[in-house]
């Protein structure tokens, strides 16, 4: 099991290379929800998402021999950018397997960090096959997007910053896709904020974490069709182990509720967030009775939006 | 003339009621422009724009008798919201004359602050007539959007914050519409940062400030058609007096350049800004040689965008 020491070491390892992101509030959203909301803005993080934390924590712990071979991963976008960036920080090669339908802005960003992009079919099988081929050809070390303890420990550092800055909060919400951020946040709370409840938030159209939590057994992923493109991945078994033990539960919301929450965040917080980031606010607005009168932290996970498809401009 | 003391008094008067907004940077935009850019994010200001400063400074100086009558103004949006909010802070009535084609989000925001909205034709004449009628009917005190010394002194406090936080900057850019922010910024630099150059930035389609600066005489406004809706107003004569004396010049950019700069800001800074806010970056990217190697502050003036018309969503 990932220890408190491992998480604190990750925090120390990455702290000078990542942004200590700000926490925003909105009187309008507090009034609308009846909840005192604190938004931890990881959209302002390096590479535009919290994924920079786990990628950096993972790359920094490679041996010199491993670094010489380079790193590889498959990712619908944010982990790919994060790994490409983390590799660039160490001047090592990165090979990023991306689905053909990945947003152009994410593909370009990965290339911008000097990585090699390898396209694949937009299925888990297609990704894994392409990754295996890359590894075989290059010898690169696979850095998993979420189902990996070094990644989880890195993502755990985000909640740690929240607890230090806001000791009065009693609930933390974050989206759950592969489950790295939720597992890390729940672990951080277990060690550093024991009274605090950590909830995962998920689209109804990608509710494998909800089904897994309810049944106690890892359930198969659903077709990757939710607008929250960062949450189309399936829950990882390592992550699920931590989530089952330390998270309070999983909340669901509809596609329309995600879009409405995203628009509220853009309009009221004046920040650019991707649809995945809006899932927790959507769940709060759907279940205000769960959180009424509480001090609630929400992790805004990322801000990588492809405006060319979003606005038609 | 507005004195240094008047500006410092305005800063003291409003400081506990407004946000001390953050200053953002982007390595990508620095590299793209060849300029070290510092974005003062007034999109995060109360009411979503710097206009909260001038409105609050004006309302706070009314006599009790004036406050009993309430306040009124005409505004394409941001000053209307700001005045409605400032009036609400003092529990006084506000009547806001708005053009029929004002963005719905701005109309709703004004109403949300408890003000009464009076619609008028989208011409200066239409606005002035409607305002005169409101004043006659209600006795409300007119608080001008820009051509007013209390407004200018309030807007001047924004640059003051920049100079205190970033003593090393040598250039400041802001958009110019009515000219309150540019006049205030140039005045602040004159008193508090003498070596610093202040430039106004304007759309080619609304270049009355550029023409006025060039000829030394106030020139008539152009048809209000630029995408930068906050800059469709005509330059005020009081503001022009200060601009002529203390600003370094006016830069121009095209509509396409404004849209491209707005998209860059959304995508790279992850903040929501209205088109007017993108005009300075558009001017920098058009004239990089003016600013190469310099430390440049840019005032991001506001983030009030109507997403229902922008995205069709």
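Residue numbers (the numbering used here), protein chains in the order written: chain A, 259 to 571; chain B, 259 to 571.
Every residue gets a Cβ at the ideal spot worked out from N, C-alpha and C, and that includes glycine.
It should be emphasised that the depicted structure is a prediction, and the values quoted were computed from it without experimental measurement.
Of all Cβ atoms in chain A, is any one closer than 8 Å to the Cβ of residue i?
{"i": "residue 524 of chain B", "result": "yes"}
{"i": "residue 249 of chain B", "result": "Residue numbering for chain B in the displayed model covers 259 to 571; residue 249 of chain B lies beyond these limits and cannot be assessed."}
{"i": "residue 471 of chain B", "result": "no"}
{"i": "residue 301 of chain B", "result": "yes"}
{"i": "residue 297 of chain B", "result": "no"}
{"i": "residue 292 of chain B", "result": "no"}
{"i": "residue 499 of chain B", "result": "no"}
{"i": "residue 571 of chain B", "result": "Any reading at residue 571 of chain B is ruled out, since the residue's pLDDT is 33, under 50, leaving its predicted position unreliable."}
{"i": "residue 504 of chain B", "result": "no"}
{"i": "residue 565 of chain B", "result": "yes"}
{"i": "residue 276 of chain B", "result": "no"}
Drop a sphere of 10 angstroms on the beta-carbon of residue i, count the other beta-carbons inside from all chains shown, and report buried for 16 or more, exposed for fewer.
{"i": "residue 278 of chain A", "result": "exposed"}
{"i": "residue 409 of chain B", "result": "buried"}
{"i": "residue 385 of chain A", "result": "buried"}
{"i": "residue 322 of chain A", "result": "exposed"}
{"i": "residue 260 of chain B", "result": "buried"}
{"i": "residue 515 of chain B", "result": "buried"}
{"i": "residue 483 of chain B", "result": "exposed"}
{"i": "residue 466 of chain A", "result": "buried"}
{"i": "residue 414 of chain A", "result": "buried"}
{"i": "residue 283 of chain B", "result": "exposed"}
{"i": "residue 509 of chain B", "result": "buried"}
{"i": "residue 566 of chain B", "result": "exposed"}
{"i": "residue 551 of chain A", "result": "exposed"}
{"i": "residue 497 of chain A", "result": "buried"}
{"i": "residue 336 of chain B", "result": "buried"}
{"i": "residue 433 of chain B", "result": "buried"}
{"i": "residue 546 of chain A", "result": "exposed"}
{"i": "residue 436 of chain A", "result": "buried"}
{"i": "residue 487 of chain A", "result": "buried"}
{"i": "residue 473 of chain B", "result": "exposed"}
{"i": "residue 461 of chain B", "result": "buried"}
{"i": "residue 359 of chain B", "result": "exposed"}
{"i": "residue 495 of chain B", "result": "exposed"}
{"i": "residue 475 of chain A", "result": "exposed"}
{"i": "residue 453 of chain B", "result": "exposed"}
{"i": "residue 328 of chain A", "result": "buried"}
{"i": "residue 403 of chain B", "result": "buried"}
With 8 Å set as the bound, which would you pick, yes or no: does the beta-carbon of residue i sit closer than that to a beta-carbon of chain B?
{"i": "residue 280 of chain A", "result": "yes"}
{"i": "residue 372 of chain A", "result": "no"}
{"i": "residue 530 of chain A", "result": "yes"}
{"i": "residue 521 of chain A", "result": "yes"}
{"i": "residue 306 of chain A", "result": "yes"}
{"i": "residue 561 of chain A", "result": "yes"}
Over what stretch of residues does the alpha helix (DSSP H) that includes residue i continue unbroken?
{"i": "residue 343 of chain A", "result": "336-347"}
{"i": "residue 539 of chain A", "result": "533-544"}
{"i": "residue 445 of chain A", "result": "438-450"}
{"i": "residue 501 of chain A", "result": "495-504"}
{"i": "residue 264 of chain B", "result": "262-272"}
{"i": "residue 471 of chain A", "result": "466-473"}
{"i": "residue 605 of chain A", "result": "The structure shown has nothing for residue 605 of chain A, since chain A only spans 259 to 571."}
{"i": "residue 363 of chain B", "result": "362-370"}
{"i": "residue 289 of chain B", "result": "285-291"}
{"i": "residue 382 of chain B", "result": "382-396"}
{"i": "residue 317 of chain B", "result": "309-317"}
How far does the beta strand (DSSP E) with residue i in it reach, from first residue to last?
{"i": "residue 377 of chain B", "result": "374-378"}
{"i": "residue 352 of chain B", "result": "352-357"}
{"i": "residue 516 of chain B", "result": "Unbroken run through residue 516 of chain B is the alpha helix (DSSP H), 513-522; no beta strand (DSSP E)."}
{"i": "residue 458 of chain B", "result": "455-461"}
{"i": "residue 556 of chain B", "result": "553-558"}
{"i": "residue 298 of chain B", "result": "294-299"}
Is residue i near the ligand COA, with its Cβ less than 7 Å from a heavy atom?
{"i": "residue 421 of chain A", "result": "Ligands displayed in this structure: none; no statement on the ligand COA is therefore possible."}
Is the segment 507-527 of chain B close to the segment 537-555 of chain B, with three or more CB pairs under 8 Å? yes
Pairing CB atoms from the segment 364-371 of chain B with CB atoms from the segment 451-470 of chain B, are three or more of them under 8 Å? no
Using 8 Å as the cut-off, can you tell me whether the segment 551-558 of chain A makes contact with the segment 333-352 of chain A, which would need three or more C-beta pairs spanning the two stretches below that distance? no
Stretch-stretch touch, CB-based, cutoff 8 Å, three pairs: the segment 424-433 of chain B with the segment 372-391 of chain B: no
Does the segment 263-273 of chain B touch the segment 295-304 of chain B, meaning 3 or more C-beta pairs lie closer than 8 Å? no
Contact the segment 340-348 of chain A vs the segment 302-318 of chain A: 3+ CB pairs below 8 Å: yes
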